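2 protein chains.
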Amino acid sequence: MNIGEIAKRAGVSRSTVSYALSGKRPVSAATVRRINDVIAELGYRPNASARALAEGRTRTFGLAIPPASARLTDVQLGFVASVVEAAAVHDHDVLLSPSGGDHDRSFERIVTGRRVDGVILMEVRLEDARVDRLGRAGLPFVAIGHVEHPGASWWVDVDYATLISRCVRHLADLGHQDVVLVNRSAELVAAGYGPAVRAMSGFLETTAECGMTGHTVCCADDPAAGLACFDRIRERWPEVTAAVTINEAALPGVQRALERAKLDVPRDFSLTGVIADRLAEDFHPPLTAANVPAGEMARLAVELLQEQIADPSATPRNALLEPPISLRSSTGARRRG
Amino acid sequence: MNIGEIAKRAGVSRSTVSYALSGKRPVSAATVRRINDVIAELGYRPNASARALAEGRTRTFGLAIPPASARLTDVQLGFVASVVEAAAVHDHDVLLSPSGGDHDRSFERIVTGRRVDGVILMEVRLEDARVDRLGRAGLPFVAIGHVEHPGASWWVDVDYATLISRCVRHLADLGHQDVVLVNRSAELVAAGYGPAVRAMSGFLETTAECGMTGHTVCCADDPAAGLACFDRIRERWPEVTAAVTINEAALPGVQRALERAKLDVPRDFSLTGVIADRLAEDFHPPLTAANVPAGEMARLAVELLQEQIADPSATPRNALLEPPISLRSSTGARRRG
DNA sequence: GCCGCTAATCGAACCGGTTCAGCGAGAGCC
DNA sequence: GGCTCTCGCTGAACCGGTTCGATTAGCGGC
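As you go down the protein sequences, you meet chains A and B in turn.
For the first sequence, this note's numbering begins at 111 and goes up steadily by one.
For the second sequence, this note's numbering begins at 111 and goes up steadily by one.
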C-alpha cells in the first residue's frame with residue numbers, strides 16, 4: 111500500500127495524492143474527498159524513509175544522552191521524556207544516542223548518516239568534542255549547557271552561578287558565617303562539567319563578597335558518599351552552620367549524617383541549593399531550593415532547534431534560565447553558639 | 111557527497127562502490143583500496159534514508175516508553191539506556207515513542223510509517239491496546255512484561271509472583287506471622303499492571319500456603335505516600351512485623367515512618383521485596399531484596415527482537431527472569447512480643 | 001584461433017515518496 | 001470568436017542508495 115496504489119484506486123495520479131496530502135497545491139474538494147476515502151479504507155501512511163529521501167529531511171531529532179554507565183539522574187530522565195514529548199508536538203521523533211565514553215560509533219552514525227535534522231546535546235562540558243564534531247559536520251544542534259567560549263552557538267542552560275550565589279546570600283541574610291558547598295564528583299569538576307564548575311565559582315565569589323568563609327567539597331553521586339562527605343565536613347570545619355548543594359543523589363546520605371549528628375534542620379543547621387522540586391519536597395523538612403526546570407528546558411531546546419533547522423544562517427540564540435528559589439523550611443537563622 | 115560522487119572519483123560505477131562497501135559481491139582488492147581511499151578522503155557515509163528505502167529496513171528499533179507525565183522510575187531509566195546500548199552493539203539506533211495516555215499519534219507514526227524494523231514495548235499491561243495494534247500492523251515486537259494470555263508472543267519479564275513468594279517464605283522461615291505487602295498505586299493495579307497484579311497474587315497465595323496472615327495495601331509512587339501508607343498499616347494492623355514491597359519510590363517515606371515509630375530494622379521490623387540493587391544498598395540498613403535486572407532484560411529484549419526480525423515466522427520465544435534475592439540486613443527473626 | 005569459463009564491473013530498474021514544468025478545459029474579457 | 005488567465009491535474013525527473021541481469025576482459029584448453 112504505497113502512494114501509487116492509492117492513486118490508482120482514487121483514479122488520479124501519484125502527484126495529485128501527494129498534493130492532496132500535503133496541501134502544497136490546491137486540489138479540488140471532490141478529489142480530496144475521494145483520496146481520503148481510499149486512504150481511510152486502506153489505512154495508508156506514507157513511508158517515512160522515502161519521504162525523508164525526497165524531502166532531504168527526516169523529521170527526526172537526535173538526542174545525545176550520557177552513556178548508561180553514567181547513571182542518569184532524575185532530572186536528566188525527566189528531560190529526556192520532555193524532549194520526546196516536545197518533539198512529538200511538532201510531529202518529530204527522537205533518536206537516542208549514548209555519547210561520550212566509547213560510544214562514539216552511535217554518535218558518529220547519527221551525525222554522518224543524515225539520520226536526523228538536528229541534535230540536542232545533553233551534559234555539555236566546558237570543552238566538548240561533540241560540539242566541534244557537530245560544527246564540522248554542519249549539523250544544527252542545541253547544547254544543554256554551554257562551552258567555555260560559547261561564541262556564536264545555540265544553547266539552553268541554567269545559571270548555576272547565579273542560583274548558588276542567591277543561596278549563599280540567603281544564608282548570609284540569615285546570619286551564617288561559615289558555609290560549605292557540596293558539589294558533584296571530583297571527576298566531573300575536573301572534566302569541566304559546567305554546572306559543577308560554575309556552582310563552585312559562584313559560591314566562592316559570593317562568599318568572598320559577603321565576607322563569609324566558604325569551603326567546597328566534591329562528593330560522588332550517591333547517598334553513601336553524601337554521608338561520608340558530611341562526616342568529613344563536620345570533622346574538618348565544625349564551625350560550619352549551613353550547606354549549599356547541587357548534588358541531589360547524595361542528599362539521603364546527608365540527611366542520615368545530620369540525624370546521626372543530632373543536628374536539627376533548620377534549627378542547628380541550614381541546607382539549601384539546586385535540587386529538583388519533587389526531591390526538595392520529599393525531604394524532611396522540605397528544602398529551600400532552586401529547581402532545575404527540565405521540562406521547560408526541553409521545550410526551549412526543541413524550539414531553538416526547530417528555529418535553527420528552519421534557518422541555519424539565523425543568528426544563534428540561547429537561554430540562560432534562572433528559576434526562582436522556593437522558600438521552604440530547611441534554612442533558618444544561625445544560632446549564636 | 112553521495113555514492114555517485116565516490117564512484118566518479120574512484121573511476122568505477124555506483125554499483126561497484128555499493129558492492130565494495132557491502133561485500134555482497136566480490137570486488138578486486140585494488141578497486142576496494144581505491145574506493146576506500148576516496149571515501150576516507152571525503153568522509154563519506156551512506157544516506158540512511160536512501161538505504162532504508164532501498165533495503166526495506168531501517169536498522170532502527172522503536173522503544174515505547176511511558177509518557178513523561180508518569181514519572182519514570184530509576185529501573186526504567188536504566189532500561190532505556192541499556193536498550194540503546196544493546197542496539198548500538200548491533201549497529202541499530204533507537205527511536206523513542208511515549209505511548210499510552212494521549213500520545214498515540216507518536217506511537218501510530220512509528221508503527222505505520224515504517225520508521226522502525228521492530229518495537230520494544232515497555233510497561234505492558236495485562237490488557238494492552240498497543241500489543242493488539244502491533245499485531246495487526248504485523249510489526250515485530252518484544253514486550254517487557256506479558257499480557258494476560260501471552261499465547262504465541264515474544265516477551266521478557268521478571269517473575270514477580272515467584273520473587274514475592276520467596277520473600278514471603280523467607281519471612282515465614284524467620285518466624286513472622288503477620289505481614290503486609292506494600293504494592294504500587296491502586297490505579298496501576300486497577301489498570302492491570304503486571305508486576306503489581308502478580309506481586310499481589312503471589313503474596314496472597316504464599317501467605318495462605320504458609321498459614322500467615324497477609325494484608326495488602328496500595329501506595330502511590332512517592333515518599334509522602336509511603337509515610338502515610340505505613341502509618342495506616344501500623345494503625346490498622348499493629349500486629350504486623352514485616353513488610354514486603356515492590357514500591358521503590360515510597361521507600362524513603364517508609365524509612366521515615368519506621369524511624370518516627372522508633373522501630374529498629376531488622377530488630378523490631380523486617381523489610382524486604384523487589385528493589386533495585388543500588389537503592390537497596392543505599393538504604394539503612396541495606397535491604398534484603400531481589401533486584402530487577404534492567405540491563406539484562408534490555409539485552410535480552412534486543413536479542414529476541416533481532417531474532418524475530420530475521421525470521422518473523424520463527425516460533426515466539428520469551429524469558430521469565432528470576433533474579434536471586436540478595437540477603438542483606440533488613441530482615442530478622444520475629445521478636446515474640 | 002576459437003570456445004567456454006570465471007571474475008570483475010557496469011547499466012538500469014527499483015524502493016516510495018516530492019516537486020517542477022506543462023497541458024487541457026473552462027471562464028472572463030474584448 | 002479568439003485571446004489570455006486560472007484552475008486542476010498529470011507525467012517525468014529526482015532524492016541516494018541496492019540489486020539483478022548483462023557485459024567485458026582475461027585465461028586456459030583443445
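Beta carbons are placed, not taken as given, at the ideal position from N, Cα and C, and that holds for glycine.
Computed from a prediction, not measured in an experiment: that's the story for all the values here.
(message) Beta carbons nearer than 9 Å to chain B: which residues of the region 188-200 of chain A have them?
(response) Identification of residues in the region 188-200 of chain A having a C-beta nearer than 9 Å to some C-beta of chain B yields 188, 190, 191, 192, 193, 194, 195, 197, 198, given in sequence order.
(request) Check the Cβ-Cβ distances between residue 351 of chain B and every residue of chain A, and say whether any is below 8 Å. (result) At a cut-off of 8 Å between beta-carbon atoms, residue 351 of chain B makes no contact with chain A.
(message) For the alpha helix (DSSP H) containing residue 125 of chain B, name the first residue and the last one.
(response) Start and end: 124-132.
(request) Label residue 401 of chain A either buried or exposed according to how many other C-beta atoms from any shown protein chain fall within 10 Å of its C-beta, with 16 as the threshold for buried. (result) Under the 10 Å beta carbon count, residue 401 of chain A is surrounded by 16 or more other beta carbons and is classified as buried.
(message) Here's the rule: buried if 16 or more other CB atoms are within 10 angstroms of the residue's CB, otherwise exposed. What is residue 425 of chain B?
(response) Of the residues assessed, residue 425 of chain B falls on the exposed side of the cut-off, its CB having fewer than 16 other CB atoms within 10 angstroms.
(request) Determine, using beta carbons only, whether residue 191 of chain A and residue 148 of chain A come nearer to each other than 8 Å. (result) No.
(request) Flag residue 394 of chain A as yes if its beta-carbon sits less than 8 Å from any beta-carbon of chain B, otherwise no. (result) Closer than 8 Å to some Cβ of chain B, the Cβ of residue 394 of chain A qualifies, so yes.
(message) I'd like to know whether the C-beta atoms of residue 205 of chain A and residue 203 of chain B end up nearer to each other than 8 Å.
(response) Closer than 8 Å, so yes.
(request) Would you list the one or two residues that DSSP bridges to residue 251 of chain A? (result) Paired residues: A:229.
(message) With H, G and I counted as helix, E and B as strand and the rest as coil, what does DSSP make of residue 325 of chain B?
(response) Reduced to three states, the DSSP call for residue 325 of chain B is strand.
(message) At a CB distance below 8 Å, what residues from the region 220-254 of chain A approach chain B? Give them in sequence order.
(response) Residues passing the 8 Å Cβ filter: 220, 222, 223, 224, 225.
(request) Report the partner residues of residue 292 of chain B according to the DSSP bridge assignment. (result) In the DSSP output, where bridge partners are listed per residue, residue 292 of chain B has B:327, B:355.
(request) Output the boundary residues of the alpha helix (DSSP H) element that contains residue 421 of chain B. (result) Per DSSP, residue 421 of chain B belongs to no alpha helix (DSSP H) and is neither H nor E.
(request) Can you give me the Cβ contacts of residue 216 of chain A inside the same chain, cut-off strictly under 8 Å, excluding the 5 residues immediately before and after it? (result) Within the same chain, residue 216 of chain A has close Cβ partners 207, 208, 209.
(message) If you follow the alpha helix (DSSP H) that residue 221 of chain A is in, where does it begin and where does it stop?
(response) Where residue 221 of chain A is concerned, the enclosing alpha helix (DSSP H) stretches over 214-222.
(request) Check residue 313 of chain A in the structure and name its three-state DSSP category. (result) If DSSP states are grouped into helix, strand and coil, residue 313 of chain A belongs with the helices.
(request) Check the Cβ of residue 203 of chain B against every Cβ in chain A and list those closer than 8 Å, keeping chain order. (result) Residues of chain A with a Cβ closer than 8 Å to the Cβ of residue 203 of chain B are, in chain order, 205, 206, 207, 216, 219, 220, 225.
(message) Are the CB atoms of residue 172 of chain B and residue 226 of chain B within a distance shorter than 8 Å?
(response) Yes, these two residues count as a Cβ contact at 8 Å.
(request) Report, in whole angstroms, the separation of the C-beta atoms of residue 384 of chain B and residue 288 of chain B, which I expect to be a contact under 8 Å. (result) In fact, because the Cβ distance is near 21 Å, the residues do not count as touching under 8 Å.
(request) Quick one: give me the first and last residue of the beta strand (DSSP E) that residue 172 of chain B is part of. (result) 170-175 is the extent of the beta strand (DSSP E) around residue 172 of chain B.
(message) Measuring only the C-alpha atoms, how far is residue 258 of chain B from residue 355 of chain B?
(response) Approximately 23 Å between the Cα atoms of the pair.
(request) Using a cut-off of 7 Å between C-beta atoms, extract the partners of residue 162 of chain A located in chain B. (result) What residue 162 of chain A touches in chain B, judged by beta-carbon distance under 7 Å, is 159, going in chain order.
(request) Excluding the 5 residues preceding and the 5 following residue 268 of chain B in the sequence, name in chain order all residues of the same chain whose CB lies nearer than 8 Å to its CB. (result) For residue 268 of chain B, where only same-chain residues beyond five positions count, the Cβ hits under 8 Å are 305, 384, 402, 403, 407, 430, 431, 432, 433.
(request) Taking only beta-carbon positions, decide if residue 168 of chain A is within less than 8 Å of chain B. (result) Residue 168 of chain A has a beta carbon lying within less than 8 Å of a beta carbon in chain B.
(request) Taking only the alpha-carbon atoms, compute the straight-line gap between residue 301 of chain A and residue 418 of chain B and give it to the nearest angstrom. (result) Cα atoms of residue 301 of chain A and residue 418 of chain B: separation of roughly 42 Å, rounded to the nearest angstrom.
(message) Assuming residue 146 of chain A is part of the beta strand (DSSP E), what are its boundary residues?
(response) Membership of residue 146 of chain A in any beta strand (DSSP E) is not indicated; the residue belongs instead to the alpha helix (DSSP H) covering 139-152.
(request) For residue 175 of chain A, return the contacting residues in chain B, with the cut-off set at a CB-CB distance below 9 Å. (result) Correct list: 190, 191, 194.
(request) Indicate the three-state DSSP secondary structure (helix, strand or coil) for residue 438 of chain B in the structure shown. (result) Three-state DSSP puts residue 438 of chain B in coil, outside helix and strand.
(message) Taking the straight line between their C-alpha atoms, what separation do you get for residue 329 of chain A and residue 256 of chain A?
(response) In a straight line, the C-alpha of residue 329 of chain A is about 23 Å away from that of residue 256 of chain A.
(request) Starting from residue 333 of chain A, trace the beta strand (DSSP E) both ways and give me its first and last residue. (result) Counted as a single uninterrupted DSSP element, the stretch harbouring residue 333 of chain A is not any beta strand (DSSP E) but the alpha helix (DSSP H) occupying residues 333-346.
(message) On a Cα-Cα basis, can you pick out the residue from A:337, A:270, A:396, A:325 that is closest to residue 346 of chain A?
(response) Of the listed residues, the one whose Cα sits closest to residue 346 of chain A is A:325.
(message) Quick check on residue 112 of chain A: buried or exposed, where buried means 16 or more other Cβ atoms within 10 Å of its Cβ?
(response) Of the residues assessed, residue 112 of chain A falls on the exposed side of the cut-off, its CB having fewer than 16 other CB atoms within 10 angstroms.
(request) May I have the straight-line CA-CA distance separating residue 374 of chain A from residue 233 of chain A, to the nearest angstrom? (result) About 35 Å.
(request) Just tell me which of A:413, A:335, A:336, A:352 has its CA closest to the CA of residue 323 of chain A. (result) The shortest CA-to-CA distance from residue 323 of chain A to any of A:413, A:335, A:336, A:352 is the one to A:352.
(message) I believe residue 193 of chain B touches residue 364 of chain B by the beta-carbon criterion, under 8 Å. Please report the beta-carbon distance rounded to the nearest angstrom.
(response) The beta-carbon separation of residue 193 of chain B and residue 364 of chain B, rounded to 30 Å, does not stay under the 8 Å limit for a contact.
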